[in-house]
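Peer 1: Input: one structure, supplied below.
Numbering (our numbering), first residue to last: 1357 to 1535.
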């Protein structure tokens, strides 16, 4: 089954300042290793970028850009989105279908919002998902630390079975890519 790697919302505005995600430098380093490996294996890398009309993730703004240190390549694909669901109102499904993708690897930012929502939608659309357990991050909230959010989602998403396809979790150093 052919795979694609989704890199969700690893954008400058989510990696700097008081609301930045936990361990952005380490997360970006792990994602760079994943994307490099994916390209070597001819697995499509798809960068997904969140945007809004008027706040800090306005299309084209410095905050909207891919995060400093994140390595992109001319062969990579890009999807712009306006909701936590990377499929809703975007060309993502069309891209996956055109490339005969049958499985997704997911990493990125904000675990409890866009990573979670996109993963659940992928399951609903019939895609098995590998959630790269050490390559997604959160800023946390008033109730949970970022580490708690990440651990909770690694556990919860991997224990959903009602969609048919399931989520497996694996560390970035153990990812098995299929072309």
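Glycine included, every Cβ here is placed at the ideal spot set by N, Cα and C.
For residue 1403, which beta-bridge partners are listed by DSSP?
Peer 2: In the DSSP output, where bridge partners are listed per residue, residue 1403 has 1363 and 1434.
Peer 1: Looking at the C-beta of residue 1512, does it have a partner C-beta in chain B at a distance below 9 angstroms?
Peer 2: Reference to chain B is not applicable here, since this structure consists of a single protein chain.
Peer 1: Could you spell out where the beta strand (DSSP E) holding residue 1463 opens and where it closes?
Peer 2: Start and end: 1459-1465.
Peer 1: May I have a chain-ordered list of the beta strand (DSSP E) segments no shorter than 3 residues that lie completely inside the stretch 1461-1517?
Peer 2: 1485-1493, all fully within the stretch 1461-1517.
Peer 1: At what residues does the alpha helix (DSSP H) containing residue 1446 begin and finish?
Peer 2: Neither: residue 1446 is in no alpha helix (DSSP H) and is coded neither H nor E.
Peer 1: Express the C-alpha separation of residue 1388 and residue 1496 in angstroms, rounding to a whole number.
Peer 2: Cα to Cα, residue 1496 sits roughly 23 angstroms from residue 1388.
Peer 1: Could you spell out the range, first to last residue, of the beta strand (DSSP E) harbouring residue 1524?
Peer 2: Note, residue 1524: beta strand (DSSP E), 1523-1526.
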